[in-house]
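Chemist:
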Amino acid sequence: MTDRKATLAEEQRAVDRAYACYERRFRINRETFRPSEITDSRAGTAFIPDVAPEVRFESDLDGASLVVARVDVDEDGESGTWYIGRRNVRDENGDTFVVNWQAPIATEWLKRRADAPGGIRLRRVLRCEGDRVKDFRDEIRVAATPPQAKAPERTPPPERPKAPKRTRGPEPAIVPDQVPVPPPAEPGDDAAAAQEAAVSPADGLKDFLLEDLERARDGHMRDIVETIQREQLLLVSDERKGVLIVQGGPGTGKTAVGLHRISWLLYNRHFKTGEVLVVGPHPGFLRYVRGVLPRLGTRDVTTVELSRLWDAPRGIDPPAARLVKSDARMAEVLRRAVEAIPRTGMIGRLRDDVFDIRFEGVPLAVPGSVLRELVETDGNAPFAVRKRRFRTHLVDHLLRLRAEAVRGGRPDDDLRRRIDRDPRVLGLVNTIWPNVTAEGVLRGLLGDPAVLRAAADGVLTEEEQAAIARPPAARVGEEPWSPADRVCLEELRVLLTGDGPPRYRHIMVDEAQDLTPMQARSLARRCPNGSMTVLGDLAQATGDHAYRDWSVLGEILAAGDGWHLKELTVGYRVPREVMDFAEVLGRSVAPGAAFPRSIRPVGPDAITIAPVDPSALRDEAAQRARSLISPDDERSVAVIVPEARRGDMEAIRERLPGNGRATVLTAAEAKGLEFDHVVLVEPAEIAAGTPGGPGLLYVAITRCTRSLVIVHAAPVPRVLLPATIDPEEGDYVIDAPSPTATPAAGDQEAGSGTGFDAFIADLEATVREERRSTVHEGLRHALIAELYTAGLVPTVDSPTADVICEGTGGRILYEVLGEGGNTYQRMRDAVLRVLEVQHAEGEQAEHRFLVLPEAPAEPWAPEVPAEAFGMSVIWRTDGGWHGRNLDLALGRTK
């Protein structure tokens, strides 16, 4: 058995030595590159000569531990002990002592599994606080075995550096990181990672990781070098070309994976810092992650808020217009608009359909057919290029005509310039090819119905064209360009001039599920080689475009090397109780996405639901937040409010301590962030606030790492209630209403109390409202008639279910959708309704059907409820009934 005290002392000596060598490097650098006494008069700082950018004069660990692990290795004819850490460190003899975790050999060592250690005899994880060793855990420990015959040596790949050796000699001031490249990954690595991720929560939550999760969130993201999990490291070190899309739910560490991958790629010289761009959803996110890359040793990477990739908007589009302008089809409309700019019709207005001029006494005539042919030349080139080539070819043609007319005349070297600048030639060129700008083209497209109709015919419907049409402003400079317009203007500039935005060799974009197709095109334009790290969670989608899967964005972003998807399925940050609470909501937003399994238990107090009187909502939120701020720890608290209550933020903020540990923000501003405690105000308003409201509510609920408090006056959305009312679970604390709490106006029928009674009342009120619809009731009774015809006796008077029937195949539950119920959005909502009805009925149905009033609006939509939730979709038309499992649905099975 390991003597822990002796082992800790041994590792402490090694860590002390590592720090001494680490500091020695800076001391040597300072002595070698001694700053001059000459100062920069403008900056007021000492002049420092040019040195390599990797040369440092001071530590840049920012309090993070230098050493994170130890490995004892015996393979490939090399044996020894090395440490793994955040920086590469050489000892007094110039030998590698601490290997940077980003080095290929260190990454390979860290990825080894305990059941396949290779030549690793010991892999020990150290838990350090700065330079002090607090604990250790042996992940791999192989007992010594008798010597065996040496295996044949593998042939190393070309230019493969040798393994770290003990070499004598003084330590140079600048030492490049020379570490070996590991052999190729073992076959089946992904399968092994999936198997490893499938361990039970009790086994999967390692001690050091649990301790790290218990640390207070201070409002800034930390790196995960000390606690990185194998499934994360496999993605960090993924060297495949193309677009890597990482789908990961809340708390799975996808943002950390993306940032660590950026650092890993830069360290291993796949790219240079100036060639990499990091795109975040909002300024708060960029502030949150800004310290991660420097602590990983990576600097000067460009980071930018997504909206700042384009000029600042001056207006806002209505939802319908925003949806059309941001759709990928808009690129085709813009292309057609530019393609139609050359005024070939003006050629027909020439006298006798001929461009006829007398140049310096020589008559020259170009037929209209030739001019039209020249216009069509290079049809795929940018507008400005086509215009320039038309002018060049026209002058060439005129030169040939003149040469034929003036036989034997002496050539004039300046003749081309004179023809090219002839006012009549310039007039013709500018008549056919007018001088245009992106702003002018878009203004004319949106403001002229005829121009829009010509460009959008067969691409946009008449309703969609009407949605984006608007009268032009008095001047181009006064146009109220919206965010979607700004993206369209970039597309037009490329079509007109060929000049695009700055280009990068690698782009990382977070919260990518909210990219519009047009924004994705813009990002792809910035990275023509198609090398990207794309992070997101379809269940956290809050934008106008809801994606079933990642294929749409993947195809837009990818270049020649394509795209591949990896899913992080283990949640580390968000409490298990909170993820269980949010599961139905998350699955409703993205039925096809993998839902993460949280391995972090917190306890029965993880969730509190507090109903209050509407007039007390703001004070209650502030009071709840204050109660979570303890003088004994530094845990962070966030109050998340709906966008509609932005005006309450300052008043809540004034009621909180000014120690920087409490934050008040909207749900949209909370994206990508995490806090120890979250007080969520009025979730119903968040869910209903925008088309992406359900996704935004899912985001807001999953921002905490310890506890969630929901303060509400309006009823909590029904999709959340089933998880809060099971008295046997005991996972959530539901506060009793305060003595002054009363139902919000108009909510009495829906039930604004708490508990099972309120849930049932709300459900029954919705059913009563639906049955006021003639479309709904006509369809419901048509279904009932079919069941009676088949010899079945359906239950039709349930206060919560539309129709229930005991068929030959078991109990069947039907959810009837009324007018407009043939869209995927309505089907998705109905799936939740069926789950709620089953909960209310207290009995699970063997079969569940959604019944639509007409054929699905999206042909693919019926497959999603069937594959994700086992719910079949049927519909009725003039020609009869259609859909999956139709015989079972209508009682026709024998």
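Residue numbers for the sequence shown follow the UniProt record's numbering, so the first one is 1 and each next one is one higher. Idealized CB from N, CA, C, for every residue including glycine.
Tell me whether residue 585 is buried or exposed, calling it buried when 16 or more other Cβ atoms sit within 10 Å of its Cβ.
Modeler: Counting Cβ neighbours within 10 Å, residue 585 comes out buried, since at least 16 surround it.
Chemist: State the beta-bridge partners of residue 79 as determined by DSSP.
Modeler: 74
Chemist: Between 465, 485, 702, which lies nearest to residue 310 when the distance is taken from Cα to Cα?
Modeler: 485
Chemist: Measuring alpha carbon to alpha carbon, tell me which residue in 838, 719, 382, 790 is nearest residue 813.
Modeler: 838
Chemist: Give me whichever residues DSSP pairs with residue 566 in a beta bridge.
Modeler: BP columns for residue 566 point to 246.
Chemist: For the ligand FAD, is there a heavy atom less than 7 Å away from the beta-carbon of residue 422?
Modeler: This structure lacks the ligand FAD; in fact it carries no ligand of any kind.
Chemist: Considering just the uninterrupted stretch of the beta strand (DSSP E) at residue 776, what are its terminal residues?
Modeler: For residue 776, no beta strand (DSSP E) encloses it; the enclosing alpha helix (DSSP H) starts and ends at 774-789.
Chemist: Helix or strand or just coil, what does DSSP make of residue 614?
Modeler: helix
Chemist: In its own chain, which residues sit with a C-beta less than 7 Å from the C-beta of residue 442, not counting the 5 before and 5 after it?
Modeler: 485, 488, 489, 492
Chemist: Runs of 3 residues minimum, wholly inside the segment 232-287: which ones carry the beta strand (DSSP E) assignment?
Modeler: Every beta strand (DSSP E) stretch that sits fully inside the segment 232-287 and reaches 3 residues is listed by chain position as 243-248, 276-280.
Chemist: Under a three-way DSSP split, which group does residue 438 fall into?
Modeler: helix
Chemist: For residue 810, which residues of its own chain have a beta-carbon under 7 Å away from its beta-carbon, when the five flanking residues on both sides are left out?
Modeler: 846, 847, listed in sequence order.
Chemist: If you draw a straight line from the C-alpha of residue 563 to the C-alpha of residue 291, how long is it?
Modeler: The alpha-carbon of residue 563 is positioned some 29 Å away from that of residue 291.
Chemist: Can you list, in chain order, the residues of its chain whose CB lies under 6 Å from that of residue 353, leaving out five sequence neighbours each side?
Modeler: 368
Chemist: Exposed or buried, what is residue 304 when buried is set at 16 or more other beta-carbons lying within 10 Å of its beta-carbon?
Modeler: That one is exposed.
Chemist: How many Å lie between residue 392 and residue 477 at the Cα?
Modeler: 33 Å
Chemist: How is the alpha helix (DSSP H) around residue 550 delimited, first residue to last?
Modeler: Per DSSP, residue 550 belongs to no alpha helix (DSSP H) and is neither H nor E.
Chemist: If you measure between the beta carbons of residue 553 and residue 719, is that distance less than 8 Å?
Modeler: no
Chemist: Can you name the start and end residues of the beta strand (DSSP E) that residue 662 belongs to?
Modeler: 662-666
Chemist: Does the Cβ of residue 316 have 16 or more other Cβ atoms within 10 Å, making it buried, or fewer, making it exposed?
Modeler: exposed
Chemist: Indicate the three-state DSSP secondary structure (helix, strand or coil) for residue 387 in the structure shown.
Modeler: helix
Chemist: Report the residue from 140, 223, 306 whose alpha carbon sits nearest the alpha carbon of residue 66.
Modeler: 223
Chemist: Per DSSP, residue 806 forms a beta bridge with which residues?
Modeler: 811
Chemist: My guess is that residue 124 and residue 64 are in contact by the Cβ rule of under 8 Å, so how many angstroms apart are they, rounded?
Modeler: With 8 Å as the limit, residue 124 and residue 64 do not qualify as a contact, their Cβ atoms being about 19 Å apart.
Chemist: Going by C-alpha distance, which of 637, 335, 482, 362 is nearest residue 659?
Modeler: 637
Chemist: Taking the CB atoms as reference points, tell me whether residue 711 and residue 679 lie closer together than 8 Å.
Modeler: It is a contact, given that the beta carbons lie within the stated cut-off.
Chemist: Kindly indicate which three-state DSSP category residue 896 falls into: helix, strand or coil?
Modeler: Any question about residue 896 goes unanswered here, given that the chain covers just 1 to 894.
Chemist: Per DSSP, which residues does residue 598 bridge with? Please list them.
Modeler: Residue pairing by DSSP places residue 598 opposite 571 in a beta bridge.
Chemist: Quick one, which of 80, 611, 700 has its alpha-carbon nearest residue 582's?
Modeler: 700
Chemist: Give me the Cα-Cα distance between residue 415 and residue 403, rounded to the nearest whole angstrom.
Modeler: Taking the straight line joining both Cα atoms gives about 11 Å.
Chemist: Would you call residue 22 buried or exposed, if buried means 16 or more other Cβ atoms sit within 10 Å of its Cβ?
Modeler: buried
Chemist: Just the C-alpha distance for residue 957 and residue 395, rounded to the nearest angstrom, thanks.
Modeler: Absent from the model: residue 957. The displayed extent of the chain is 1 to 894, so no value can be given.
Chemist: Residue 366 to residue 427, Cα distance in whole Å?
Modeler: 15 Å
Chemist: In whole angstroms, what is the alpha-carbon distance linking residue 445 and residue 523?
Modeler: 24 Å
Chemist: Does the contact criterion of 3 or more C-beta pairs under 8 Å hold for the segment 228-244 versus the segment 555-569?
Modeler: These segments touch.
Chemist: From the DSSP output, which residues share a beta bridge with residue 835?
Modeler: According to DSSP, which records beta bridges pairwise, residue 835 is partnered with nothing at all.
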